[in-house]
């Protein structure tokens, strides 16, 4: 009886280890940019394309970590309502917007700081919509401050002030 319990415990530990390893591997494939890569010389932010073809990056919004998907089709940085509540963001004017899933009602807000690698933007207007999911969208109101280049499976985000 004692040996059966020991065998069951060993198999449960092996299963947990396999689950942990695969979970970490899948997470790295979904967001290979959870650890930011920056060029030491220029401060460029270099992103790898995720397995599903999108570019994601981990940022700090008001000091809190958030994963954003780069979306050049989005007008604004957009967060899910649950993320905005977690960040304690104020509710501004409401608006109707078109998403890939149809029309949705959202509201405007403002974030004090947005940290992308070595870059920091202040007082960034954002949109908040329900049911966006656990990833926000990095839209054009932020991307317009940078030179964005895609080459193969790599996206480089460079400060425009470096180019001037």
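Residue numbers (the working numbering): 165 to 328.
Positions of the beta carbon are idealized from the N, C-alpha and C atoms, including for glycine.
inquiry  = Can you tell me whether residue 264 is buried or exposed? The criterion is at least 16 other CB atoms within 10 Å of its CB, across all chains shown.
reply    = By the neighbour-count rule (16 or more Cβ atoms within 10 Å), residue 264 is not buried but exposed.
8 Å Cβ shell around residue 250 - same chain, five flanking residues per side excluded = Once the five neighbours on either side are set aside, the close Cβ partners of residue 250 are 228.
inquiry  = Can you look up residue 305 in the DSSP assignment and give me helix, strand or coil?
reply    = Residue 305 carries a helical assignment under DSSP once its states are collapsed to helix, strand and coil.
task = Kindly list the residues whose CB is nearer than 7 Å to the CB of residue 273, restricted to its own chain and excluding five residues on each side of it in sequence; keep chain order.
result = Here the set comprises 248, 253, 254, 255, 256, 290 and 292.
ask   = Where does residue 242 fall in DSSP's three states?
value = Three-state result, residue 242: strand.
key: Distance between residue 167 and residue 220 (C-alpha atoms, nearest Å)   = Looking at the two C-alpha atoms, the distance is approximately 48 Å.
inquiry  = Quick check on this structure: which residue in 269, 232, 174 and 217 has the alpha carbon closest to the alpha carbon of residue 279?
reply    = Relative to residue 279, the option among 269, 232, 174 and 217 whose CA is nearest is 232.
ask   = So what does DSSP say about residue 208, is it helix, strand or coil?
value = It is coil, neither helix nor strand.
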